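Protein chains in written order, with numbering that gives the first Met the number 0: chain C, 0 to 60; chain S, 0 to 313; chain Z, 0 to 234. We put the CB at the ideal spot given by N, CA and C, even for glycine. Keep in mind the model is a prediction, meaning the values are calculated, not measured.
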Amino acid sequence: MPSKDKVLEEVRTENIDIEAALDPAEPDGVFRDSRECAALALQSGGTSLLLSPPTPRPKKG
Amino acid sequence: MSVREVEETALEWVWAHRDRFALGDDALAADGQVNRTWKPLGELAQVCASVSACTPPSDPVHTRVSDLLDFAWQQTRQGELFLLMQSLEPFATYPLEVYAAFASAGRRHTGYEASAAVVARTRGWRLTEQYPTRRLGVIEAERRSGLSPHGRVPQALGRTWLGGLPEPWTFERAAGYALTHVVFHLTEWGRAAQGVPPDLADYLRHWLPPWLDTCLEARMWDLSCELLAVAASVPSPPDPAVLDDAWQRVAAAQHTSGAIPEEGAVQDAAGSADGAAPYAFTDCYHSTLMAAFAAALTTARLRDVDRAGQGVPG
Amino acid sequence: MEQSSTSALLQGTVLDLASDVVSALRSGDHVRAGGTLTGGGAGEGVARAAVRVLGADTLLPTALLRVPPDPGQLAVFKDAVAAHPPRDDAAPAVVWSHWAMARALRRLEQPLTDPLADDPGAEPGAGWLDDAGWQLLTHQLAVLAPLALPGEECAVTRAARRRPVDVARGFVRAVRRRDWQQAAGAGRWLTLLDGVPDSLGLEAGLDFVRLMGGSDPRVALQLEAARLMPAGVLL
Chain C
0 MPSKDKVLEE VRTENIDIEA ALDPAEPDGV FRDSRECAAL ALQSGGTSLL
50 LSPPTPRPKK G
Chain S
0 MSVREVEETA LEWVWAHRDR FALGDDALAA DGQVNRTWKP LGELAQVCAS
50 VSACTPPSDP VHTRVSDLLD FAWQQTRQGE LFLLMQSLEP FATYPLEVYA
100 AFASAGRRHT GYEASAAVVA RTRGWRLTEQ YPTRRLGVIE AERRSGLSPH
150 GRVPQALGRT WLGGLPEPWT FERAAGYALT HVVFHLTEWG RAAQGVPPDL
200 ADYLRHWLPP WLDTCLEARM WDLSCELLAV AASVPSPPDP AVLDDAWQRV
250 AAAQHTSGAI PEEGAVQDAA GSADGAAPYA FTDCYHSTLM AAFAAALTTA
300 RLRDVDRAGQ GVPG
Chain Z
0 MEQSSTSALL QGTVLDLASD VVSALRSGDH VRAGGTLTGG GAGEGVARAA
50 VRVLGADTLL PTALLRVPPD PGQLAVFKDA VAAHPPRDDA APAVVWSHWA
100 MARALRRLEQ PLTDPLADDP GAEPGAGWLD DAGWQLLTHQ LAVLAPLALP
150 GEECAVTRAA RRRPVDVARG FVRAVRRRDW QQAAGAGRWL TLLDGVPDSL
200 GLEAGLDFVR LMGGSDPRVA LQLEAARLMP AGVLL
């Protein structure tokens, strides 16, 4: 006589949607482009900021 | 919706928004945004020049793009502003590249051409550091503007991504934009399919379909339209089924105003706010121009094929 | 809940089984291919279902390396073929993957004895592939990658041989979409086809797919198959 576990397992196996696994739909495409940062040691886009006086900070109190 | 309808509605949008292409004071200002002034105007001029060249004079579309070209040429004060830009930024290449679009449509300014030739003779101009695709574009701009090209096309082509015949599965957005422009330069923006060497033509015939398909899936409408323009510019266009499918997907992305958003993120941001103008100008002008450009080339191509009696369905 | 945990168990077993096949293909050691099936880890029903999902590739080391199959593994394989016949309304890919398993047994001269079948070797139709665009063609061929074997002759291999450029386009598309399983399956087919454009760069492409997706044993399995393919000679 088969064990209870065995019976359970057989029932579960029958429930498996094996057809879906045999003819799977395509997953959604994943698109992400490789990026490039500016060359190292190249002049910063904010160079002009370095030449301007620092932004005044509000005084406390 | 047919390719022709995409073309007409896209041009409707461009006509309705032509004032947004106008050059303001910042076009000449040292801190002006060149990408928001000269670049859109040059793109308008180039697309109209190409559409005009591939459309019969009796076609209302021909009249529409001719009017747009006149409008754009007026913005440059019949070319005077190129001369002015030359004195302000003598070593910039973009004024010459924009001018070349006008020159290709017969709008020329001999004074500018003469002064541009002086700068183009320098070693400094020839040695300007730039991307290989851009270099090819400048060489072509020189030729179209009546200047002596500073380099040879085959050498410039060999340095580009497309010219090196890379593995097609390494295609990404940046490579895509580089390759479409290489083809635009080689074919004089869709006018001369024979400018594409045979090995490149074979390469593009093989690999345009998967690039187009994946760009459309990623909702990269702008690049998709550029690829469609390439498809209509090469010696052997893709299978009609490939083109039909692609154009249907582009048509579905076109707003009723005629605008085509650059990419899906722009559509998502606009959400369901489906007003008369759901997209900012900068988010849709380029893709809308490219759609009109690609559609005009496709229509002309199908017409030629029909005339040749090969009966490819439109 | 019950269903999803069982599906997860099946998926896990398929991966274990694929890992066994990869190990066997790499080492030439067929016994290791039976590890998951003979080790008693998975329950019988799940193991059988997993073999059905992995399909004829479960016996790939036997086919490509020409070593005799492990008897225990062969028994489970036969059970899987018998226990999971395609339903009447099954999709063509399901019918063909079953056919491929029966074919694998015939190669080993271990044909199934099915008194109901008029001709156990009769081929299903492959008209759906002829009607398919290049995207669907490649997807379906990747699902049916177990049929991509040197010397295999059936309607599916003939359909693939007729459209090498389309399969190559499908490979490019799959890599672009980062669908490594489809890319690996398509790549395996491409190693068998004449007329694939050189500019595809298939060898570098397979290396790239291994780099990006090779940690999935189902991907690794296809790549190992592709690696062994040129040397493999079948009946």
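Select from Ala230/S, Leu67/S and Gly110/S the residue whose C-alpha is nearest the C-alpha of Met84/S.
Out of Ala230/S, Leu67/S and Gly110/S, Gly110/S has the C-alpha closest to the C-alpha of Met84/S.
Establish whether the CB of Tyr176/S and some CB of chain Z are separated by less than 7 Å.
Taking Cβ atoms only, chain Z never reaches closer than 7 Å to Tyr176/S, which makes this a no.
Excluding the 5 residues preceding and the 5 following Thr92/S in the sequence, name in chain order all residues of the same chain whose CB lies nearer than 6 Å to its CB.
Here the set comprises Val137.
In this structure, does DSSP put His16/S in helix, strand or coil?
Note: His16/S maps to coil in three-state DSSP.
Of all the residues that make up the segment 208 to 231 of chain S, which are near chain C by a beta-carbon distance shorter than 7 Å?
For the segment 208 to 231 of chain S, which is checked against every Cβ of chain C, the residues closer than 7 Å are Thr213, Glu216 and Ala217.
Taking only the alpha-carbon atoms, compute the straight-line gap between Pro114/Z and Phe170/S and give it to the nearest angstrom.
At Pro114/Z the pLDDT is 48, less than 50, meaning the model places this residue with poor confidence and gives no usable figure here.
Within its chain, find whatever has a CB closer than 6 Å to the CB of Gln180/Z; leave out the 5 residues flanking it on each side and keep chain order.
Hits under 6 Å: Arg217 and Val218.
Label Phe292/S either buried or exposed according to how many other C-beta atoms from any shown protein chain fall within 10 Å of its C-beta, with 16 as the threshold for buried.
Result: buried.
Using CA atoms only, rank isn't needed, just tell me which of Val94/Z, Ala141/Z and Phe76/Z is closest to Ala24/C.
Closest option to Ala24/C, Cα to Cα, is Ala141/Z.
Check each candidate in Leu67/S, Leu68/S and Pro197/S and name the one with the smallest Cα separation from Leu164/S.
For Leu164/S, the nearest C-alpha among the options comes from Pro197/S.
Quick one: does the C-beta of Tyr130/S sit closer than 6 Å to a heavy atom of the ligand MN?
The ligand MN is absent from the structure shown, which contains no ligands of any kind.
Roughly how many angstroms separate the alpha carbons of Thr190/Z and Pro163/Z, rounded to a whole number?
C-alpha separation (whole angstroms): 10 Å.
7 Å is my cut-off, CB to CB: does Arg160/Z come that close to chain S?
Closer than 7 Å: no.
Using a Cβ-Cβ distance under 7 Å, would Val311/S count as near chain Z?
Unreliable positioning characterises Val311/S in this predicted model, as indicated by a pLDDT of 45, which lies under 50. The coordinate reading is nonetheless provided below. Not an interface residue.
Does the beta-carbon of Val29/C have 16 or more other beta-carbons within 10 angstroms, so that it is buried, or is it exposed?
Label assigned to Val29/C: exposed.
I'd like the list of long-range same chain contacts for Val155/Z, defined as Cβ closer than 8 Å, with 5 residues on each side in sequence excluded.
Taken in chain order, the residues that qualify are Trp95, Ala125, Leu128, Leu140, Leu143 and Leu146.
Can you give me the start and stop residues for the alpha helix (DSSP H) that Val33/S sits inside?
It is not in any alpha helix (DSSP H) - Val33/S carries neither H nor E in the DSSP assignment.
For Leu199/Z, go through chain D and note every residue whose CB falls closer than 9 Å to its CB, in chain order.
Of the chains in the structure shown, none is chain D; the protein chains are C, S and Z.
Note down the Cα distance separating Ser86/S from Arg122/S, rounded to an integer number of angstroms.
If I take the Cα positions, the gap works out to 19 Å.
Buried or exposed: which applies to Asp243/S, given that a residue is buried once 16 or more other Cβ atoms fall within 10 Å of its Cβ?
Classification for Asp243/S: exposed.
Out of Ser65/S, Glu79/S and Gln45/S, which one is the CA nearest neighbour of Leu27/S?
Comparing Cα positions, the closest option is Glu79/S.
Mind checking Val208/Z: buried by the 16 CB within 10 Å criterion, or exposed?
Buried: at least 16 other Cβ atoms inside 10 Å.
Reducing DSSP to helix, strand and coil, say where His149/S ends up.
His149/S falls in the coil class under three-state DSSP.
Within 7 Å (strictly less), CB to CB, does Asp88/Z reach chain C?
Asp88/Z does not count as touching chain C.
With a threshold of 16 other CB atoms inside 10 Å of the CB of Cys36/C, please say whether the residue is buried or exposed.
With fewer than 16 Cβ atoms within 10 Å of its Cβ, Cys36/C is classed as exposed.
According to DSSP, simplified to helix, strand and coil, what is Leu143/Z?
Residue state, collapsed to three classes: coil.
In this structure, does DSSP put Ser49/S in helix, strand or coil?
In this structure, Ser49/S counts as helix in the three-state DSSP scheme.
Go ahead and label Ser232/S buried or exposed: buried means 16 or more other beta carbons lie within 10 angstroms of its beta carbon, across all protein chains shown.
Classification of Ser232/S: buried, given that the 10 Å Cβ count is 16 or more.
What's the call for Asp212/S, buried or exposed, on a 16-neighbour Cβ count within 10 Å?
Buried, since its Cβ has 16 or more Cβ neighbours within 10 Å.
Count the other CB atoms within 10 Å of the CB of Met211/Z; is the residue buried (16 or more) or exposed (fewer)?
Met211/Z is exposed by the Cβ-count criterion.
Taking contact to mean 3 or more Cβ pairs, one atom from each stretch, closer than 8 Å, check whether the segment 55 to 75 of chain Z and the segment 84 to 94 of chain Z are in contact.
Output reads no: the segment 84 to 94 of chain Z does not touch the segment 55 to 75 of chain Z.
The alpha helix (DSSP H) with Trp259/S in it runs from where to where?
Correcting the residue type first, residue 259/S is Ile in the shown sequence and not Trp. Counting along the chain, Ile259/S falls outside any alpha helix (DSSP H), and DSSP gives it neither H nor E.
Just the C-alpha distance for His83/Z and Ala19/C, rounded to the nearest angstrom, thanks.
Going from the Cα of His83/Z to the Cα of Ala19/C covers about 13 Å.
Applying the 10 Å Cβ sphere with the 16-neighbour rule, what's the burial state of Gly194/Z?
By the 10 Å Cβ count, Gly194/Z comes out exposed.
Please go through the same chain and pick out, in chain order, the residues whose beta-carbon is closer than 6 Å to the beta-carbon of Asp165/Z, but skip the five residues on each side of it.
Excluding sequence neighbours, Asp165/Z sits near Trp133 and Leu136.
Does Asp22/C get closer than 7 Å to chain Z when you measure Cβ to Cβ?
Interface residue, yes.
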